[in-house]
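First comes the structure, then the notes that go with it.
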């Protein structure tokens with residue numbers, strides 16, 4: 001049985017798709033057969049971030065409607081042959097997603113995948129609700145700003161009450177915090193919420209801090225998940241996230257910002 | 001305040017109404033049973049508002065002619081005031097008939113919800129026959145009027161997140177934080193042994209003796225028996241402190257507890 005991960009946030013633009021692409025690639029790179037599903041029907045983006053937009057023939061909705069088989073719709077990643085992408089439909093909207101349809105696709109994928117990553121759309125409507133409904137684990141992607149934290153909190157409430165696990169009274173979804181676009185320098189200046197500020201409100205297990213990094217945008221534009229850019233801080237941070245999720249104990253990095261050349265020379269001052 | 005009399009005012013309040021749980025869609029059987037029940041306590045049910053609960057019916061996948069039911073209820077002397085537990089289609093029908101849709105108990109934690117509802121539906125009509133159909137929360141309530149049976153304490157251990165609502169027919173004890181945007185309500189007292197950032201409403205049925213206790217007051221709104229204060233009106237001195245809140249001559253008193 002596959003472990004189903006939902007990447008969610010409530011708020012838009014915080015890095016859900018970037019995170020979905022990065023962790024799916026990270027899990028596949030570590031030898032786990034992984035599928036990543038774009039639930040953002042009508043605003044298809046995941047294929048762009050993973051650089052497979054020119055190979056999309058069939059999509060998630062086609063599979064739900066029985067117009068294509070799962071094998072026809074799944075796209076194998078060109079960088080890692082254990083990673084498969086199920087793209088969203090661009091010509092439909094969220095109403096095309098059905099409860100039974102999504103359940104059936106996930107059941108079928110569960111048979112021969114180790115992990116299924118569900119890239120949730122923003123909002124708390126049908127697409128987002130279906131993306132989280134079947135999940136075992138939730139990666140709550142949050143930016144260090146107050147509206148994102150508030151929306152994440154709302155999402156956590158939905159995770160604990162509207163999922164299949166909640167409805168069946170099973171063990172609740174395991175919730176993890178992923179703090180993205182974190183700029184330690186701006187935190188120091190008081191312009192951005194700190195990790196402690198965010199944790200005071202959300203109090204979740206922290207899976208990692210992804211520092212604000214130029215490499216994220218260039219990786220997205222190039223269609224290569226940022227986790228493959230091993231030199232970038234964001235790439236390393238995502239690699240840490242995957243390792244921690246798989247049970248490795250790693251110290252958290254990027255909380256205090258860059259250890260600049262001068263600072264290293266004269267000793268860091270807090 | 002004496003010089004200017006406002007045109008109107010909104011107050012948070014709740015009122016008492018029996019709930020009708022349907023287990024069948026057989027109109028003839030429903031009508032017959034209703035008459036039998038009414039004959040047992042004609043004064044209690046006369047002109048009573050009535051909430052229609054459809055959950056059991058929907059569990060059995062039974063269809064219902066709503067307009068016919070509403071007509072039937074009015075004929076026997078009830079005023080249907082809303083439905084709850086309806087599916088999408090039933091909610092739509094209810095809207096057409098101008099019946100409000102109650103969702104208060106459906107948003108929070110399902111376990112807690114189940115408990116409160118069971119209790120209300122089975123106990124209220126039996127234990128409160130002397131209470132008039134609508135209880136004004138502004139009236140001073142005699143301690144005797146508060147039924148001892150409904151004082152079931154609810155304990156919540158998980159965090160209450162933004163957007164969640166919890167309702168307790170007795171006291172409400174919460175061990176985790178209550179996030180901004182969450183709403184906790186109790187007919188009795190509210191205890192929050194953590195940070196209270198959301199809205200807390202105690203004594204929602206008019207119990208002016210109800211109190212709110214919390215470890216760290218950062219609430220958006222606090223209310224006891226309909227008298228409320230928003231965070232803007234909260235004293236800076238008691239903010240971020242462990243406090244108890246109670247009502248004294250219609251004024252909310254916030255007092256630090258050491």
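Residue numbers (our numbering), protein chains in the order written: chain A, 1 to 270; chain B, 1 to 258. Using N, Cα and C, we set each Cβ at its ideal position, and we do this for glycine too.
In the structure shown, the three-state DSSP call for residue 197 (chain A) is helix. Contact check between the segment 115 to 129 of chain A and the segment 52 to 70 of chain A: fewer than three CB pairs, one atom from each, fall below 8 Å, which does not count as touching. Under a 10 Å Cβ-count criterion, residue 76 (chain A) is classified as exposed, with fewer than 16 other Cβ atoms of the shown protein chains found around its own Cβ. In the structure shown, residue 134 (chain A) falls within a coil segment according to DSSP collapsed to helix, strand and coil. Under the 10 Å beta carbon count, residue 196 (chain B) is surrounded by 16 or more other beta carbons and is classified as buried. Residue 187 (chain A) is classed as buried because its beta carbon has at least 16 other beta carbons within 10 Å across all chains shown.
Bridge pairing for residue 237 (chain B): absent [DSSP]. Under the 8 Å Cβ criterion, the segment 43 to 55 of chain B counts as touching the segment 79 to 94 of chain B, having at least three qualifying pairs.
Residue nearest to residue 101 (chain A) within the set A:157, A:219, A:170, A:61 is A:61 (criterion: CA-CA distance). Residue 39 (chain B) and residue 20 (chain B) have their C-alpha atoms spaced approximately 16 Å apart. Taken atom to atom, the span from the alpha-carbon of residue 184 (chain B) to that of residue 7 (chain B) is near 30 Å. Three or more Cβ pairs closer than 8 Å define a contact, and the segment 8 to 22 of chain A meets that threshold against the segment 219 to 231 of chain A. Around the C-beta of residue 57 (chain A), fewer than 16 other C-beta atoms lie within 10 Å, and the residue is accordingly described as exposed. For residue 95 (chain A), there is no enclosing beta strand (DSSP E), as DSSP gives it neither H nor E. Within the segment 34 to 113 of chain B, the complete alpha helix (DSSP H) segments at least 4 residues long are 42 to 45, 55 to 59, 66 to 75, 88 to 96, listed from N- to C-terminus.
Under a 10 Å Cβ-count criterion, residue 89 (chain B) is classified as exposed, with fewer than 16 other Cβ atoms of the shown protein chains found around its own Cβ. One thing to note: residue 12 (chain A) has its Cβ no nearer than 9 Å to the Cβ of residue 152 (chain A). In the three-state reduction of the DSSP assignment, residue 211 (chain B) falls in the coil class, being assigned neither a helical nor a strand state. DSSP places residue 119 (chain A) in no alpha helix (DSSP H) but in the uninterrupted beta strand (DSSP E) bounded by 115 to 119. Nearest in C-alpha terms to residue 236 (chain B), of all of B:222, B:191, B:218, is B:218.
For residue 218 (chain B), none of the residues of chain A pass the 8 Å Cβ criterion, the least Cβ distance being about 10 Å. When A:55, A:74, A:103, A:59 are compared, the shortest CA-CA separation from residue 91 (chain A) is found for A:59.
Counting only the Cα atoms, residue 87 (chain A) lies some 12 Å from residue 17 (chain A).
Collapsing the DSSP output to three states places residue 1 (chain A) in coil. According to DSSP, residue 56 (chain A) shares a beta bridge with no other residue. Not flagged as an interface residue toward chain A: residue 30 (chain B), since no C-beta distance is shorter than 9 Å. Listed in chain order, the non-local C-beta contacts of residue 32 (chain A) below 6 Å within the same chain comprise 114, 115, local neighbours out to five positions each way being set aside. By alpha-carbon distance to residue 213 (chain B), the top candidate from B:167, B:190, B:231 is B:190.
Secondary structure at residue 186 (chain A): helix, using DSSP grouped into helix, strand and coil.
Chain A has a Cβ within less than 9 Å of the Cβ of residue 158 (chain B).
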